[in-house]
Amino acid sequence: MTDTGIISNQSRSDEIRAELDRIVSSDIFRSSPQLVSFLTFVVEAALRGESDRIKGYTIGVEVLKRSENFDPRLDPIVRVEATRLRRALERYYSGPGADDPMSINLVRGSYEPSFRHRDTKTKTESGLASALGPLQPGNGMPILVVRP
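If you read the sequence shown in the working numbering, its first letter stands for residue 218, the second for the next number, and so on.
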């Protein structure tokens with residue numbers, strides 16, 4: 218089987234798309250088509266190997282429907298929506314996605330998504346956050362748990 222790399226890449230893409238489907242069908246994202254479009258755009262571009270398209274201007278024009286005169290240095294909409302997306306992903310993974318086998322994240326300072334398989338330890342930590350309840354909208358602050 219010399220094509221195992223290709224198969225594993227396709228398998229990984231399928232896993233990532235399955236995770237994307239779980240996220241966008243959640244209650245957290247279902248009510249925000251703009252965040253769904255943003256996340257779908259950056260994930261699909263990354264999976265197609267088109268990371269060079271994941272830029273503020275392209276997202277502003279193609280996802281957020283700004284005019285071709287859009288200047289991301291003057292109009293902060295892409296940065297604002299990226300922050301909203303990061304917080305929504307935090308809420309998703311601290312609530313309904315706590316036990317998902319994979320995570321999709323946007324690292325601060327970039328619009329490119331990162332994909333990570335989550336191990337048992339990560340699931341347990343997420344389960345702890347889930348037991349405390351999901352983060353409320355707009356609250357992206359970390360939670361400190363002190364046990365006796």
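For glycine and all other residues, C-beta sits at the position ideal for the given N, C-alpha and C. This one's a predicted model, so the numbers in the text were calculated from it and none came from an experiment.
query	result
Among ARG335, VAL363 and SER331, nearest to SER268 - alpha-carbon criterion	SER331
Assigned exposure category for ARG296 - 16 Cβ within 10 Å defines buried	exposed
Contact under 8 Å by Cβ, ILE294 with GLU236	no
Delimiting residues of the beta strand (DSSP E) encompassing ILE321	319–323
contact_flag[the stretch 298–305, the stretch 241–254] where n(CB pairs < 8 Å) is 3 or more	yes
Reference MET319, options GLY326, ASP288, TYR310 and ARG325, closest by Cα	TYR310
Strand pairing of PRO330, partner residues [DSSP]	LEU323
Which listed residue (SER327, ASP316, GLY326 and LEU264) has its alpha carbon closest to that of ARG335	ASP316
For GLY277, three-class secondary structure by DSSP	helix
Nonlocal neighbours in the same chain, by C-beta distance under 7 Å from LYS282, ignoring five residues either side	none
Buried versus exposed call for GLN227 [16 or more other C-beta atoms within 10 Å across all chains shown]	exposed
SER254 - DSSP class collapsed to helix/strand/coil	helix
GLU307 - containing alpha helix (DSSP H), residue span	294–311
Per-residue DSSP class, three states only, for ASN226	helix
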